[in-house]
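> I am attaching a structure below and will ask some questions about it afterwards.
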Amino acid sequence: MSDTLILTRRWGEKDSHTLASYRAAGGYAALDKALGMAPSAIVDEVKASNLRGRGGAGFACGLKWTFLPKDIRPRYLTVNADESEPGTFKDRYIIEHDPHMLLDGIAITCFANDIHTAYVYIRGEFKRQAEVLEVAIAEAYQAGILGPRLLGKVDFPLDIFVHRGAGAYICGEESALLESLEGKKGYPRLKPPFPAVVGLYGKPTIINNVETIANIPWIVQHGGAAFAALGVGKSGGTRLFCVSGHVNRPGVYEKPVHYNLKTLIMEDCGGIVGGRAVKAVIPGGSSAPVLAADEIDVSMEFDALKAAGTMAGSGGVIVMDDSTCMVRALSRIAKFYADESCGQCTPCREGTPWMEGMLERIEHGHAVRGDVDKLVQVANSIGGQTICALGDAAAMPVQSFVKKFRAEFDRHVEERRCPFGDHAWGKTQETREAIIGGVRV
Amino acid sequence: MSNREPGSPGARSDLPAEGVRRFDAELSPVLRRYPEDRKASAMIPALRIGEHVFGHLSPAVMALAADRLGVSPARAQEVATFYVMFNTQPVGRHVVEICTNVSCCLTGADRIFHALKQKLGVENGGTTRDGRITLREVECLGSCGTAPAMLVDEDMEERLTMDKVERIVGALK
């Protein structure tokens, strides 16, 4: 398996976030190369790369670009830096360590798709990252890379703006993001029409995740085939896997997209704290169905995890050891979705607090016989019944935790208490050194 | 989209003139980021500026933002109450927000949050009697590898221990 690094190769270098540093490492050469190519040839390379969206859905990036109607202008690019799926912490480090790589990718994407305005929608909590990005954009304007002439040599005006949100998980959903960017509350839109056809201000709009766009310069420089060769099947490239929870070395690891989950946890992350055993792993952000310990010897590629009954999602791997209470963990996840439901669709608005309440009752020994079944029934009534995927995201953890750890739920009900007592979050709750793309923090 | 002109009834308020001048001065460069006929896109930045200038988003501040963006005050209120980072009520001089989502709790956030509530003598969302600190439990901050994490006046603090939290919170004036 290749150990090529695309996204993290400069992380930890001094001043890696500056234009001077990016330029010294050959930065914006990809944009220079792209400007000499036919826009359609760039799109073809991205299609050939098998780059799939790194935000959660894993949709083929090049294919998404071809959905733009041919004859409608203006078109917009919005880069999704909302990064709010619990367990996910990668896009922030791309911005912190190498913001010009992202701008390089944005510029190439815009040139390839005849787009002259791009917005980076960054979550409100990333104040510092928004500032880093603003400085990088100002540097790029000053150097004549952005503005009326792309890279100072081609008559292709391009403006990039940062739009900082104000705290709402739902705004990571692409159509809610557009509503928010238009100055409204983040209510997801009914699809179709998809944003590629009717997006920002009713115009055709491409929405890609930060990590997705950050791969574009490498693809242009090395070719789509080389990127595809790093992965497997219909998934090309490397991926940033975010590992958190009860591992010895949590952090961000850049690995081929089909890297083995167990190897990541037991070798790269040094195994479980205190030498304990794995109990459960959420492989792709808190929305992804949980895997039991005997299910983690699996490729993390999108289709492989789908076949394993879960999803690669946003690459957020949450590891829980054998001393963790599954009811406590699920109860907290349910609280998150109840807090973050936007309130537009009845099944989600009403169902998520109901699930949260039932799980609290089970955890604290106040449940009655039949509650666990009722919990699953409520989850089943939300999934597939809402405008956006948050409904499914709230249902899938409940369905999978109960299915895989049913005995633990029943034990809470029968004993009328949490068998884990004061240690429901595990016996080794402590912070520890992390490895972020090779950098110790 | 509504077509209200600046100076419409929604803009009348008791806000101090100096504050309104600062608000307008800070908003002006932000408006250039959006198409001229899409000023309402600046609602989140406008409310953020309003909160920064006036302390919290009172109805008058929301009305001011709505007026400058040419939309109804209800639109501003809708946005101000939808996003959790906006304060429509006065808060303490400092806001401490601790993540208690799964990755943070697996590394001790639950205990830290409970200890901090006791130490400050407040419940979730409460403000200390001296008006120094408002304490809140928040959702995932994107610091799961460096958990537990919290925001102090929107600045991220990571790899928290009880000692570290006490040091940081104790230094707030």
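Note that the protein sequences, when read in sequence, are chains A and B. This note's numbering applies: residue 1 is where the first sequence begins, and numbers increase by one. This note's numbering applies: residue 1001 is where the second sequence begins, and numbers increase by one. Every residue, glycine too, gets a C-beta built ideally from N, C-alpha and C. Remember, predicted model here, so these are calculated numbers, not experimental data.
(1) Distance cutoff 7 Å, beta carbons only. Does tyrosine 201 (chain A) sit that close to anything in chain B?
(2) Say whether chain B places a C-beta atom closer than 7 Å to the C-beta of phenylalanine 194 (chain A).
(3) Can you tell me whether DSSP reads lysine 279 (chain A) as helix, strand or coil?
(4) If we require 4 or more residues per run, which alpha helix (DSSP H) segments fall completely within the segment 1107–1172 of chain B?
(5) What is the DSSP secondary structure of isoleucine 106 (chain A), counted as helix, strand or coil?
(6) Tell me whether the segment 183–193 of chain A and the segment 1106–1118 of chain B touch, counting them as touching only if at least three CB pairs, one residue from each stretch, are closer than 8 Å.
(7) Whole angstroms are fine: how far does the CA of threonine 78 (chain A) sit from the CA of histidine 100 (chain A)?
(8) At which residues does the alpha helix (DSSP H) containing cysteine 61 (chain A) begin and terminate?
(9) Are the CB atoms of isoleucine 296 (chain A) and cysteine 348 (chain A) within a distance shorter than 7 Å?
(10) Please give me, in chain order, every unbroken run of the beta strand (DSSP E) with length at least 3 that falls completely inside the segment 238–306 of chain A.
(11) Buried or exposed, going by whether 16 or more other CB atoms sit within 10 Å of the CB of asparagine 1124 (chain B)?
(12) Please say whether isoleucine 362 (chain A) and histidine 423 (chain A) have beta carbons closer to each other than 7 Å?
(13) Can leucine 330 (chain A) be considered in contact with the ligand GTP, in the sense that its beta carbon sits closer than 6 Å to one or more heavy atoms?
(14) Where does serine 1103 (chain B) land, buried or exposed, given buried means 16+ other C-beta within 10 angstroms?
(15) What's the call for threonine 1127 (chain B), buried or exposed, on a 16-neighbour Cβ count within 10 Å?
(16) Quick one: residues in its chain with C-beta nearer than 6 Å to the C-beta of threonine 1146 (chain B), no 5 flanking neighbours on either side, listed in chain order?
(17) Do the CB positions of aspartate 159 (chain A) and threonine 117 (chain A) come within less than 7 Å of each other?
(18) Using the Cβ count rule (16 or more neighbours within 10 Å means buried), how would you classify threonine 1081 (chain B)?
(19) At least one CB of chain C closer than 7 Å to the CB of arginine 1093 (chain B): is that the case?
(20) For the structure I just gave you, are there three or more beta carbon pairs, one from the segment 204–221 of chain A and one from the segment 62–78 of chain A, closer than 8 Å?
(21) Beta-carbon within less than 6 Å of isoleucine 333 (chain A)'s beta-carbon, same chain only, minus the 5 sequence neighbours each way: which residues are those?
(22) Helix or strand or just coil, what does DSSP make of leucine 1069 (chain B)?
(23) Give the straight-line distance between the Cα atoms of methionine 311 (chain A) and leucine 305 (chain A), rounded to the nearest whole angstrom.
(24) Would a C-beta distance cut-off of 7 Å place aspartate 98 (chain A) and alanine 30 (chain A) closer than the cut-off?
(25) Here's the rule: buried if 16 or more other CB atoms are within 10 angstroms of the residue's CB, otherwise exposed. What is threonine 1134 (chain B)?
(26) In whole angstroms, what separates the C-alpha of serine 1008 (chain B) from that of alanine 1063 (chain B)?
(27) Helix, strand or coil: which one does DSSP assign to threonine 1088 (chain B)?
(28) Give a yes or no on whether 7 Å exceeds the smallest Cβ distance from lysine 185 (chain A) to chain B.
(29) May I have the straight-line CA-CA distance separating isoleucine 122 (chain A) from aspartate 410 (chain A), to the nearest angstrom?
(30) Relative to the C-alpha of phenylalanine 1054 (chain B), which candidate in B:Gln1089, B:Met1156, B:Ile1098 and B:Val1138 has its C-alpha closest?
(31) Under the rule that 16 or more other beta-carbon atoms within 10 Å means buried, what is valine 257 (chain A), buried or exposed?
(32) Which of the three DSSP states is assigned to methionine 320 (chain A) in this structure?
(33) In whole angstroms, what separates the C-alpha of alanine 229 (chain A) from that of arginine 10 (chain A)?
(34) Looking only at its chain, what residues have a beta carbon closer than 6 Å to the beta carbon of glycine 144 (chain A), apart from the 5 residues adjacent to it on each side?
(35) When you compare each of A:Tyr337, A:Ala81 and A:Thr428 to alanine 277 (chain A) by their alpha carbons, which one comes out closest?
(36) Excluding the five sequence neighbours on either side, which residues of its own chain have a C-beta within less than 8 Å of the C-beta of proline 250 (chain A), listed in chain order?
Reading it off the structure:
(1) yes
(2) no
(3) strand
(4) 1109–1120 and 1162–1170
(5) helix
(6) no
(7) 16 Å
(8) 61–65
(9) no
(10) 238–245, 251–256 and 278–282
(11) exposed
(12) no
(13) Among the ligands in the structure shown, none appear at all, so the ligand GTP cannot be discussed.
(14) buried
(15) buried
(16) Glu1158 and Arg1159
(17) yes
(18) exposed
(19) Protein chains A and B are contained in the structure displayed, whereas chain C is not.
(20) yes
(21) Ser286 and Pro397
(22) helix
(23) 5 Å
(24) no
(25) buried
(26) Because the pLDDT at serine 1008 (chain B) is just 49, under 50, the model does not fix this residue reliably, and the value given afterwards should be weighed accordingly. Cα-Cα distance, rounded: 10 Å.
(27) coil
(28) yes
(29) 42 Å
(30) B:Gln1089
(31) buried
(32) strand
(33) 22 Å
(34) Gly152
(35) A:Thr428
(36) Val243, Ser244, Cys269, Arg432, Ala434 and Ile435
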